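Working notes, structure below.
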Amino acid sequence: MKPQLKDHTLAVWKALPDDLKIKLSLDEDLVSSPKEAFLRASADRVARRLKNGKSMASFTEINAITISLILILSFTLPTSTSAQQQCDSASTGGCHDKAKSLQLKLIAIFSILVASMIGVCLPLFSRTIPALKPDRDLFVVIKAFASGVILATGYMHVLPDSFNDLMSDCLPINPWKKFPFTTFVAMLSALLTLMIDSLAMSYYKKHGFDRKGGGVDGEKVNNGERGLGNVENGGAHVGHCHGFNGGANDKDSMLLRNRVVAQVLEIGIVVHSVVIGLSMGASNNPCTIRPLIAALCFHQLFEGMGLGGCILQAEYGMKIKAILVFFFSTTTPFGIVLGIGLSNVYSESSPTALIVVGLLNASSAGLLNYMALVDLLAADFMGPKLQDSMRLQAWSFVAVLLGAGGMSLMAKWA
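Numbers 1 to 414, taken from the UniProt record's numbering, label the letters of the sequence shown in order.
So this is what it looks like as structure tokens:
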């Protein structure tokens with residue numbers, strides 16, 4: 001009975017002469033031994049016979065055992081280091097040009113900065129354009145498009161990146177491949193976002209805002225002088241960032257809600273923007289960076305429009321608006337600069353980098369998915385403005401699908 005050998009060892013076994021197979025099969029310790037035991041036993045057999053001066057069955061037997069040892073070693077040694085070689089080559093790829101990559105990164109910094117500023121500032125200046133005022137249908141449709149972009153960012157970009165990082169071959173099987181950490185962390189992040197959302201609303205309702213810190217003047221809100229509850233066409237406007245039904249008593253709560261959502265959404269966007277920038281900055285693969293520039297410009301432009309709509313409806317003062325715009329516009333370029341500075345020491349395939357980036361992406365994905373579905377899309381589609389107009393609702397659905405579809409298509413390159 002031949003030993004139960006696996007993989008390439010089985011092929012070596014089949015190549016051995018029949019008389020040698022019979023002799024080896026007589027050893028009980030070889031019947032179920034793995035290839036390493038087979039290797040050691042074969043070597044011991046040769047050494048023992050040579051030492052004792054016993055005659056070998058034939059020169060073919062020595063030849064076969066020697067060749068077997070060489071073949072087994074040649075297959076065994078590379079497999080033990082193949083995972084590490086794959087990890088080492090993962091960050092370089094087949095297209096490696098540090099000088100060309102640096103030029104593309106500098107172009108990316110400027111391009112992404114400009115696209116981000118245009119995207120986030122466009123809604124803030126929409127009041128000067130009659131067709132883009134918050135109470136107009138076009139503004140609602142554009143916001144729905146931007147919400148679709150944010151939704152697809154979480155599901156099609158950030159979440160898959162986390163899966164790739166935490167399921168990488170560069171990480172040990174236990175525990176990273178024994179438990180779905182990505183979905184677990186994303187779930188916790190969504191629940192944490194809900195908790196922050198709720199607690200922040202409770203706190204601000206109880207303690208109120210400092211007007212200098214971008215807070216609400218309750219008297220003016222109730223008088224209809226501030227907030228988006230007072231619109232030209234009458235009734236309350238339920239926009240991109242809240243889910244209240246309006247009314248004089250809800251105007252202050254509506255504005256508080258808008259501000260909480262704007263702040264939480266900003267945090268989620270900033271986290272994944274830094275991670276994206278860091279990955280691009282640390283890469284020396286121009287074949288990867290080139291399509292990423294266009295994809296990230298598109299991403300930042302429309303994601304900025306979604307955030308800008310929330311900032312607009314939050315009715316912040318100029319100082320707070322400037323701070324929010326600054327952080328959104330500069331986080332991805334900052335991540336690229338940081339990646340360039342760390343490119344000599346930072347490795348995307350190192351276990352520490354994979355774990356940290358993977359967990360950050362998972363938490364960011366959970367936050368973005370919650371915000372897009374609950375605070376943005378549900379708030380719009382369940383509000384009276386869309387509920388009262390099937391035509392506007394249909395156009396908004398089309399806009400969401402276009403935004404999500406366009407961003408999903410970008411996943412091919414980014």
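No residue lacks a Cβ here, since even glycine has one placed at the ideal position from N, Cα and C.
These figures come from a predicted structure and were not determined experimentally.
9 Å Cβ cutoff, residue i in contact with chain B
i          : result
residue 98 : This model lacks chain B altogether; it includes just one protein chain.
Contact test: residue i Cβ vs the ligand ADP heavy atom, cutoff 8 Å
i           : result
residue 133 : For the structure depicted, the ligand ADP is absent and the ligand set is empty, with no information on it obtainable.
Environment of residue i [buried if 16+ CB atoms lie within 10 Å]
i           : result
residue 238 : With a pLDDT of only 39 at residue 238, under 50, the local geometry of the prediction cannot be trusted, and the value read off the model is given with reservation. Looking at its Cβ environment, which holds 16 or more other Cβ atoms inside 10 Å, residue 238 is buried.
residue 107 : exposed
residue 254 : buried
residue 298 : buried
residue 203 : exposed
residue 311 : buried
residue 384 : exposed
residue 7   : In this predicted model, residue 7 has a pLDDT of only 49, less than 50, meaning its place in the structure is not dependable enough to derive any value.
residue 120 : buried
residue 322 : exposed
residue 326 : exposed
residue 376 : buried
residue 320 : buried
residue 388 : exposed
residue 378 : exposed
residue 356 : exposed
residue 313 : buried
residue 184 : exposed
residue 159 : buried
residue 143 : buried
residue 179 : exposed
residue 193 : buried
residue 78  : With a pLDDT of 43 at residue 78, under the threshold of 50, the predicted position of this residue should be treated as unreliable, and no value is reported.
residue 317 : exposed
residue 394 : exposed
residue 206 : exposed
residue 352 : exposed
residue 396 : buried
residue 103 : exposed
residue 195 : exposed
residue 371 : buried
residue 349 : buried
residue 171 : buried
residue 246 : With a pLDDT of 45 at residue 246, under the threshold of 50, the modelled position of that residue is not reliable, and the figure given next carries that caveat. It is buried - the Cβ of residue 246 has at least 16 other Cβ atoms within 10 Å.
residue 156 : buried
Anticipated Cβ contact below 8 Å, residue i with residue j, distance rounded
i           : j           : result
residue 149 : residue 302 : 4 Å
residue 332 : residue 126 : No, residue 332 and residue 126 are not in contact; Cβ-Cβ is about 23 Å, not under 8 Å.
residue 182 : residue 358 : 7 Å
residue 275 : residue 361 : 6 Å
residue 140 : residue 401 : Their Cβ separation, rounded to whole angstroms, is 15 Å, which puts residue 140 and residue 401 out of contact at 8 Å.
residue 272 : residue 329 : About 15 Å separates the two Cβ atoms, so there is no contact after all.
residue 145 : residue 399 : 4 Å
residue 269 : residue 307 : 6 Å
residue 151 : residue 404 : 6 Å
residue 280 : residue 100 : 14 Å between Cβ atoms; not a contact.
residue 336 : residue 109 : 5 Å
Coarse secondary structure for residue i, derived from DSSP in three states
i           : result
residue 282 : helix
residue 253 : helix
residue 176 : helix
residue 410 : helix
residue 314 : coil
residue 101 : helix
residue 205 : helix
residue 342 : coil
residue 415 : Limits of the chain in this structure are 1 at one end and 414 at the other, which puts residue 415 out of reach.
residue 106 : helix
residue 297 : helix
residue 272 : helix
residue 143 : helix
residue 287 : helix
residue 34  : Because the pLDDT of residue 34 is 47, which lies under 50, any placement of that residue in the model is unreliable, and the question is left without a value.
residue 125 : coil
residue 167 : coil
residue 259 : helix
residue 136 : coil
residue 157 : helix
residue 350 : coil
residue 396 : helix
residue 389 : coil
residue 402 : helix
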